[in-house]
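For the sequence shown, position 254 matches number 253 in numbering that gives the first Met the number 0, and the numbering has no gaps at all.
The beta carbon of each residue, even a glycine, is placed where N, CA and C say it ideally should be.
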Amino acid sequence: MLPTTSVNSRSQGNGVLSPRDAARHTAGAKRYKYLRRLFHFRQMDFEFALWQMLYLFTSPQRVYRNFHYRKQTKDQWARDDPAFLVLLSIWLCVSTVGFGFVLDMGFFETIKLLLWVVFIDCVGVGLLIATLMWFISNKYLVKQQNRDYDVEWGYAFDVHLNAFYPLLVILHFIQLFFINYVIISDSVVGYFVGNTLWLIAIGYYIYVTFLGYSALPFLKNTAILLYPFALLIMLYLISLACGWNFTKMLCSFYKYRVK
């Protein structure tokens, strides 16, 4: 789970890591420690995870400043506590059940929807995006003078989870209150409200992702991660002009998938 590696970190007097320290700071060791804590709920800091979820909405910069503190104190950028992942999973299940209720799905249809949202929308898409961002950041964004550093895949997936949470709340919770009575109606107000929520949710995802990579001091030109905003706004304006209702299309897609 260690997102950066350096030949200069925690070295002995001769500049070489001792075998014991090297074993502790490998990505495999970090990953093993993280996964092992998934089965020890008493060791998880759920209060701090809730704090992160709150500030991902109000001040996501503060969340990434905490990542800096973790790097200084524990020599890693990515989370070493799975509490955030556990709470995100619970929220994902609860919001998906609510989504199934609003769409008037049966019990088994809701279970299928839950499996689709968890393993495709969150994990599957997350693996794809994290891998793509990991490749792009290491290939094009690492500063030339800091080639001893690299973005580890674990941190890229952490950034995806941070960005996915606000999107999930907006589209799977806030939007639920407007679907049946406003959004899926065949009116201008319906697709305006629905598409605007999509604009805000995806815009939040792009912004939080940008903050995640700009927080790494060995990356350059991270502002290019904001460029998709232009395409997003263009698609939003086209959707309003053409009367496309993204939420209505999504509901129809989900109902088709769970049949």
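- Proximity of the segment 50 to 62 to the segment 201 to 217 meets the contact definition, three or more beta-carbon pairs being nearer than 8 Å.
- When Cβ pairs closer than 8 Å are counted between the two stretches, the segment 111 to 131 is seen to touch the segment 80 to 93, the count reaching three or more.
- In the structure shown, Leu215 falls within a coil segment according to DSSP collapsed to helix, strand and coil.
- Here Thr246 is buried, its C-beta having at least 16 other C-beta atoms within 10 Å.
- A Cβ-Cβ distance of about 5 Å is found for the pair Ala48 and Leu86, placing them in contact under the 8 Å criterion.
- Comparing C-alpha distances from Ile232 to each of Ala222, Ile201, Lys254, Leu127 shows the shortest one belongs to Ile201.
- In this structure Ala155 is buried. Its beta-carbon is surrounded by 16 or more other beta-carbon atoms within 10 angstroms.
- Boundaries of the alpha helix (DSSP H) harbouring His159: 152 to 168, taken from the DSSP string.
- Remark: C-beta atoms of Asp157 and Arg69 do not approach each other more closely than 7 Å.
- One thing to note: Leu112 has its Cβ within 7 Å of the Cβ of Tyr253.
- For Gly97, the uninterrupted alpha helix (DSSP H) segment begins and ends at 82 to 101.
- Pairing Leu175 with Gly99 gives a Cβ-Cβ distance that is not under 7 Å.
- A Cβ-Cβ separation of about 6 Å places Ile169 in contact with Leu196 under the 8 Å criterion.
- Distance from the CA atom of Leu198 to the CA atom of Leu84, rounded to whole angstroms, is 25 Å.
- The Cβ neighbour count for Ala240, taken over all protein chains shown within 10 Å, is under 16; the residue is labelled exposed.
- Val124 has no beta-bridge partner at all, per DSSP.
- For Val141, the pairing in a beta bridge is given by DSSP as Leu218.
- The beta carbon of Tyr204 lies closer than 8 Å to those of Ala162, Phe163, Pro165, Leu166 in the same chain, with the five residues before and after it left out.
- For Trp133, the three-state secondary structure derived from DSSP is helix.
- Using a Cβ distance threshold of 7 Å, Ile183 and Val192 do not count as a contacting pair.
- For Tyr206 and Arg41, the gap between their C-alpha atoms comes out near 33 Å.
- Listed in chain order, the non-local C-beta contacts of Phe228 below 7 Å within the same chain comprise Gly202, Ile205, local neighbours out to five positions each way being set aside.
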